[in-house]
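Structure record follows, encoded as structure tokens.
Put into structure tokens, the structure is as follows:
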């Protein structure tokens, strides 16, 4: 995949894209800030054992009351009534239905990487953002052709190229405009616990959209972001006098574990018994690789840790992840967004390779699936852009006592943008190439290709 990255750190992005290729397989991690190996050579980590549905069914079953879990360690045990591990050995393992589980695994309520409150400053603008500013951003994207990642035409092609970026690309100004902060407002808000993060400006300026938004959470687990999002929107009613259902009328949380979905439904019934709230998350047992929703259904799709978990399956993990990205891209509404949280940070070569091999490949798969409809003009033209919130990293000591840069999880915001009709022909067409990747001598012969994907690194 030939890459040209528009970045606030052009020198660093060039280094990342030219580093030696890492192993194709990725691995999930319970730690939000796992110690990174010495770069650019990265040692392959042992993949966790949670790439299958059987693992997750056993894990969530272990959280149920009165379920006894066996142990592989004589010093470990579990009280079937309290449902908590009673061991001093953190390395002890447990067994349920033939599946080996760690101490953390049998402890319910694990919030992977970030909580809803951590992600709130990113989630709310995606739902309550200004459509006019989005249109201006699209116009800028179309004009900035040098900052796009080109489509991989030849499946066997492995070369990568990086176009030089000019210093001072306006990135800092763009970030400042998207996240305005006023020191005096912050000082005033600090008096009220509700406004510790200067979040009220988001609430004060919101207006109901023409049509309420719809949200999908993929692989919600037992700590669903959708539950906290619904509660947050309902609480906003007190500050704005705008009904939550006028902003968002559907929050669907899906997981392929029947056990966790049933648990979430029962929990919500108990907590909301007699509640007058009209906005509540709904829970469904679905496989993210094959969603039954029609295209362009959801305005926001959330995914946190599911791709990392699936990728730990060395045999089918990569293809499963590509299929999940394809399905998320298909059901995302035009002008909508996909928010992905992964421990694979694109500030590191392994994370950039994951971005290319999984995310880009999933977007390409979705495009190829609808290529014929595009040819017949039976579908609207749209393109993609990706904002990477990867953090600034911190220096740590590696095993050789040398300082290396370590990054925590990254948040990827993938936006699905409508392409103006007068730009569609230019963006979607390219000269046909033969099996050897040579352009046709007949300049009139063209084929439909995925428009390039703009990538921006943000802090």
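Numbering (the numbering used here), first residue to last: 27 to 485. The beta-carbon is built from N, C-alpha and C at its ideal position, and this holds for glycine as well.
Residue(s) in a DSSP beta bridge with residue i
| i | result |
| --- | --- |
| residue 263 | Paired residue(s): none; residue 263 is not in a bridge. |
| residue 274 | 239 |
| residue 490 | Outside the displayed range of the chain (27 to 485) lies residue 490, so it cannot be described from this structure. |
| residue 358 | 324 |
| residue 96 | 121 |
| residue 351 | Looking at the DSSP assignment, residue 351 forms no beta bridge with any residue, so it has no partner. |
| residue 330 | 367 |
| residue 128 | 119 |
| residue 255 | Note: residue 255 sits in no beta bridge, so no partner. |
| residue 244 | 280, 329 |
Cβ neighbour criterion (16 or more within 10 Å) applied to residue i
| i | result |
| --- | --- |
| residue 478 | buried |
| residue 196 | With a pLDDT of 41 at residue 196, under the threshold of 50, the modelled position of that residue is not reliable, and no figure is offered here. |
| residue 69 | Because residue 69 sits at a pLDDT of 40, beneath the cut-off of 50, its placement in the model cannot be relied upon, and the following sentence gives the value as read from the coordinates. Exposed is the call here. |
| residue 245 | buried |
| residue 294 | buried |
| residue 316 | exposed |
| residue 57 | Caution applies to residue 57, whose pLDDT of 33 falls short of 50 and renders its modelled position unreliable; the model cannot decide the point. |
| residue 214 | With a pLDDT of 47 at residue 214, under the threshold of 50, the modelled position of this residue cannot be trusted; read the value that follows with caution. Residue 214 comes out exposed. |
| residue 483 | buried |
| residue 446 | exposed |
| residue 125 | buried |
| residue 94 | exposed |
| residue 297 | exposed |
| residue 48 | In this prediction, residue 48 scores a pLDDT of 33, lower than 50, which makes its location untrustworthy; the coordinate-derived value is nonetheless stated afterwards. Result: buried. |
| residue 435 | buried |
| residue 318 | exposed |
| residue 90 | exposed |
| residue 183 | In this prediction, residue 183 scores a pLDDT of 38, lower than 50, which makes its location untrustworthy; the coordinate-derived value is nonetheless stated afterwards. Looking at its Cβ environment, which holds fewer than 16 other Cβ atoms inside 10 Å, residue 183 is exposed. |
| residue 394 | exposed |
| residue 164 | A caution first: residue 164 carries a pLDDT of 43, below 50, which makes its placement in the model too unreliable to give a value. |
| residue 422 | exposed |
| residue 349 | buried |
| residue 399 | exposed |
| residue 64 | Low local confidence applies: a pLDDT of 37 at residue 64 is under 50, so the model's placement there is unreliable, with the coordinate-based value given in what follows. The residue is exposed, with fewer than 16 neighbouring Cβ atoms inside 10 Å. |
| residue 475 | buried |
| residue 418 | exposed |
Limits of the beta strand (DSSP E) - the one that residue i falls within
| i | result |
| --- | --- |
| residue 384 | Careful: residue 384 lies outside any beta strand (DSSP E) and carries neither H nor E. |
| residue 423 | 420 to 423 |
| residue 375 | Here residue 375 belongs to no beta strand (DSSP E); instead the alpha helix (DSSP H) covers 375 to 380. |
| residue 440 | 436 to 444 |
| residue 398 | Counting along the chain, residue 398 falls outside any beta strand (DSSP E), though it belongs to the alpha helix (DSSP H) covering 397 to 401. |
| residue 430 | 429 to 432 |
| residue 310 | 308 to 311 |
Contact belief for residue i with residue j at Cβ below 8 Å, rounded distance in angstroms
| i | j | result |
| --- | --- | --- |
| residue 440 | residue 366 | 7 Å |
| residue 354 | residue 382 | Going by Cβ atoms, the distance from residue 354 to residue 382 rounds to 17 Å, so no, they are not a contact pair. |
| residue 388 | residue 351 | 2 Å |
| residue 411 | residue 420 | Wrong, their Cβ atoms sit about 28 Å apart, outside the cutoff. |
| residue 283 | residue 83 | 5 Å |
| residue 442 | residue 361 | 7 Å |
| residue 255 | residue 139 | That belief does not hold up - the Cβ atoms of residue 255 and residue 139 are roughly 16 Å apart, past 8 Å. |
| residue 267 | residue 153 | So it is not a contact: roughly 18 Å between Cβ atoms. |
| residue 322 | residue 359 | 5 Å |
Selection from the options that minimises the alpha carbon distance to residue i
| i | options | result |
| --- | --- | --- |
| residue 97 | 428, 127, 278 | 127 |
| residue 416 | 389, 480, 370 | 370 |
| residue 241 | 261, 233, 271, 266 | 271 |
| residue 437 | 85, 77, 146 | 146 |
| residue 275 | 299, 237, 331 | 237 |
| residue 345 | 404, 87, 380 | 380 |
| residue 249 | 134, 442, 476 | 134 |
| residue 306 | 257, 343, 341 | 257 |
| residue 8 | 140, 81, 142 | No information on residue 8 is available, as it lies outside the stretch 27 to 485 that the chain covers here. |
| residue 450 | 357, 136, 476, 407 | 407 |
| residue 303 | 396, 77, 253 | 253 |
| residue 137 | 277, 261, 332, 78 | 332 |
| residue 334 | 356, 376, 308 | 376 |
N- and C-terminal bounds of the alpha helix (DSSP H) containing residue i
| i | result |
| --- | --- |
| residue 370 | Residue 370 -> no alpha helix (DSSP H), and no H or E assigned at all. |
| residue 140 | Neither: residue 140 is in no alpha helix (DSSP H) and is coded neither H nor E. |
| residue 453 | 447 to 454 |
| residue 317 | Unbroken run through residue 317: none, as it is neither H nor E. |
| residue 295 | 284 to 297 |
| residue 84 | 79 to 87 |
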